[in-house]
Amino acid sequence: MKKTKVVSQSITTAQSGLTLDQSARQRRYFISMMIRTACFILTVLLPSPYRWIALFGAVTLPYIAVIAANAGRETIKKDAIFTPKRKRLN
Numbered sequence: 460m461k462k463t464k465v466v467s468q469s470i471t472t473a474q475s476g477l478t479l480d481q482s483a484r485q486r487r488y489f490i491s492m493m494i495r496t497a498c499f500i501l502t503v504l505l506p507s508p509y510r511w512i513a514l515f516g517a518v519t520l521p522y523i524a525v526i527a528a529n530a531g532r533e534t535i536k537k538d539a540i541f542t543p544k545r546k547r548l549n
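For what it's worth, our numbering labels the leading residue of the sequence shown as 460, then goes sequentially.
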């Protein structure tokens, strides 16, 4: 006998729960801050040309981490914006 895969149907277009979204964003932010910490440690340990690359990563990573953590859950959808069609004058 063949086993058929059960496909569940969704009756809504609702997004995932806020707690799931928040935990995913917190995890991404935490990982990027750990990479930043590693960059600071490498800044101390590495020789001169590589030290500046690690320092650049440590300085710019907070900005990138905040942008990445805040991106994702958008409140305005394209379908929600009302744009009436204008009649053309001939």
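Positions of the beta carbon are idealized from the N, C-alpha and C atoms, including for glycine.
Around the C-beta of Leu520, are 16 or more other C-beta atoms found within 10 angstroms, so that it is buried, or is it exposed? Looking at its Cβ environment, which holds 16 or more other Cβ atoms inside 10 Å, Leu520 is buried.
Tell me which residue opens and which closes the alpha helix (DSSP H) that Gly516 is part of. Its alpha helix (DSSP H) spans residues 507 to 529.
Please confirm if the stretch 500 to 509 is in contact with the stretch 524 to 531, defined as three or more CB-CB distances below 8 Å between the two stretches. Contact between the stretch 500 to 509 and the stretch 524 to 531 is absent: fewer than 3 CB-CB pairs across the two stretches fall below 8 Å.
Given Tyr488, which residues of its chain have a CB within under 7 Å of its CB, disregarding the five upstream and five downstream residues? The residues are Ala524, Ala528.
Which value, in whole angstroms, describes the spacing of the CA atoms of Gln485 and Thr478? So the alpha carbons of these two residues sit roughly 10 Å apart.
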